[in-house]
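Novice: For the protein sequence lines, the chains are E and A, in the order given. Numbering that gives the first Met the number 0 applies: residue 0 is where the first sequence begins, and numbers increase by one. Numbering that gives the first Met the number 0 applies: residue 0 is where the second sequence begins, and numbers increase by one. Glycine included, every Cβ here is placed at the ideal spot set by N, Cα and C.
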Amino acid sequence: MLSTYVDLNVRPYRNVDLNRVLRIASKLGYVAVAVEGVDVVSNEFNGLKVLPRVTYKYVGKPTTNYEGLRNHLIVYEIDQPTMIKALTSLRGRCHLIRIARDALTGIKKKHINALKSCKIPIELSVKDLISSNSINYTYLKNFFKLLPYIERGDIELVVSSYAGDEYELIHPLQLIALLKELGLSELIATKALTGVPMKILRMVGSGV
Amino acid sequence: MEFELVISLISLVVALTLAVYTYRMDRRLKMLTNAVSSKLIIKVLNTLKSKRRLRKRYMVFEVLSNKRVGKGDLEHEIRNTFRKIFGDIQLARASISLTYYDENLSIGVIKFTHIYKYKVLASLGVIKNVGDTKVLIIPLRTTGSLRKALKYIKDKEQFIKH
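(1) Please classify E:Ser159: does DSSP put it in a helix, a strand, or coil?
(2) Got a sec? Which residues, its chain only, sit under 8 Å from A:Ser10 by beta carbon, not counting five neighbours each side?
(3) Less than 7 Å between C-beta atoms, sequence neighbours within five positions excluded: which residues of the same chain meet that for A:Val129?
(4) Would A:Asn128 pass as an interface residue toward chain E - the criterion being a Cβ-Cβ separation below 8 Å?
(5) Take E:Thr87 and list the residues in its own chain whose beta-carbon comes closer than 6 Å to its own, dropping the five residues that flank it on each side.
(6) Tell me the residue span of the alpha helix (DSSP H) that contains E:Pro171.
(7) Use the C-beta contact count for E:Gln173: other C-beta atoms within 10 angstroms, 16 or more gives buried, fewer gives exposed.
(8) Which term fits E:Met0, buried or exposed, when burial requires 16 or more other beta carbons within 10 angstroms of its beta carbon?
(9) For the alpha helix (DSSP H) containing A:Tyr117, list its first residue and its last residue.
(10) If you draw a straight line from the alpha carbon of A:Tyr99 to that of E:Tyr161, how long is it in whole angstroms?
(11) My understanding is that E:Ile77 touches E:Ala99, with C-beta atoms under 8 Å, so please give their C-beta distance in whole angstroms.
(12) Only counting runs of 4 or more residues, tell me where the alpha helix (DSSP H) segments fall wholly within the stretch 73-159 of chain E, in order along the chain.
(13) Got a sec: which bits of the stretch 142-174 of chain E sit with their beta carbon under 9 Å from any beta carbon on chain A, in order along the chain?
(14) Look at the alpha carbon of E:Leu146 and the alpha carbon of E:Leu178, and state the distance between them as a whole number of angstroms.
(15) Please state if the CB of E:Tyr29 and the CB of E:Tyr55 are separated by a distance shorter than 8 Å.
(16) Hey, does E:Asn132 have any beta-carbon neighbour from chain A nearer than 8 Å?
(17) When DSSP labels each residue in this structure, what does A:Tyr100 get in the three-state scheme?
(18) Evaluate A:Asn33 with the Cβ neighbour count: other Cβ atoms within 10 Å of its Cβ, from every protein chain shown; 16 or more gives buried, anything less gives exposed.
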């Protein structure tokens with residue numbers, strides 16, 4: 000299998016050495032990582048591509064000014080389920096929509112339909128799914144609502160680590176195994192870590 | 000003459016419609032037989048799978064942590080996490096045990112039943128703490144025998160020394 004694993008969300012804590020996180024990410028087999036708080040695209044350990052990422056909070060309409068954000072991964076974060084509406088205005092304005100833990104908790108069918116119609120890949124984080132060496136029951140319950148749509152290809156899924164330090168990273172094979180055990184097919188689980196993020200990375204080069 | 004032409008035209012039309020009809024029927028029949036055979040194949044495969052002998056697998060893994068992690072604590076945490084996610088019955092069937100762990104190198108070998116590979120991988124990914132210590136477990140290689148797993152560790156050890 001061609002291993003082009005990508006982690007689109009690394010947000011290091013203030014006191015954490017970013018180089019150490021990137022070294023471990025490279026060791027785990029990732030070929031590209033999008034990091035919050037980095038300004039330029041660079042190639043680090045063993046050709047690991049580091050991309051700058053900007054996350055905006057979605058408050059009903061997209062930000063109009065993207066000055067100086069060329070080659071940045073632009074993401075809109077939704078932290079309330081009520082905000083999942085009229086997402087079509089984000090089409091062509093961002094690369095990815097991040098669904099925060101609280102937003103997924105209260106998700107309903109009408110929200111899923113809005114996500115379906117906007118045709119932008121959604122990002123879910125493993126950090127939200129895993130809590131104290133176990134799986135978060137509430138998060139998982141709502142994740143299962145999205146699962147059939149992802150499996151059918153109506154919604155494109157990207158899974159990222161949302162790692163704050165090197166210990167919060169996760170090996171891509173472990174992540175694929177976890178998604179498979181949650182009920183996704185192996186193909187879709189692999190695509191969530193390889194195919195869809197790579198497609199987004201190609202879009203990042205050409206801007207939004 | 001005209002009568003013969005009409006007859007031949009009618010026969011041509013009838014022949015063409017029959018050809019189309021038989022082609023369509025043939026396709027339907029083929030689809031039906033394929034469906035039946037695939038269902039049969041799946042059934043046969045499933046029965047064969049359930050009767051297959053359960054084999055052992057040995058997964059070599061590395062532990063990244065800021066403090067040294069003990070073998071007992073690690074094994075307890077692996078079993079505990081597997082139980083939390085998949086339950087006691089699956090844990091008993093998977094027969095997980097930490098057969099080897101080098102505390103200096105932080106490399107170990109975990110033994111389990113071959114059909115539980117993905118479940119073991121998933122539960123290793125979920126482990127983020129052992130006691131108070133933050134850990135990251137990296138799977139390195141899965142082998143069919145302990146000898147091969149230990150050989151892999153030995154080779155890795157030599158590679159690190161040089």
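Specialist: Considering the structure as presented:
(1) strand
(2) none
(3) Val68, Asp72, Leu73 and Glu76
(4) yes
(5) Cys117
(6) Pro171 to Leu181
(7) buried
(8) Its pLDDT being 48, under 50, E:Met0 is placed unreliably in this model, and the value from its coordinates should be taken loosely. Under this definition E:Met0 is an exposed residue.
(9) Lys116 to Val125
(10) 32 Å
(11) 6 Å
(12) 100-104, 108-117, 125-128 and 136-151
(13) Asp164, Glu165, Tyr166, Glu167, Leu168, Ile169, His170, Leu172, Gln173 and Leu174
(14) 10 Å
(15) no
(16) yes
(17) strand
(18) exposed
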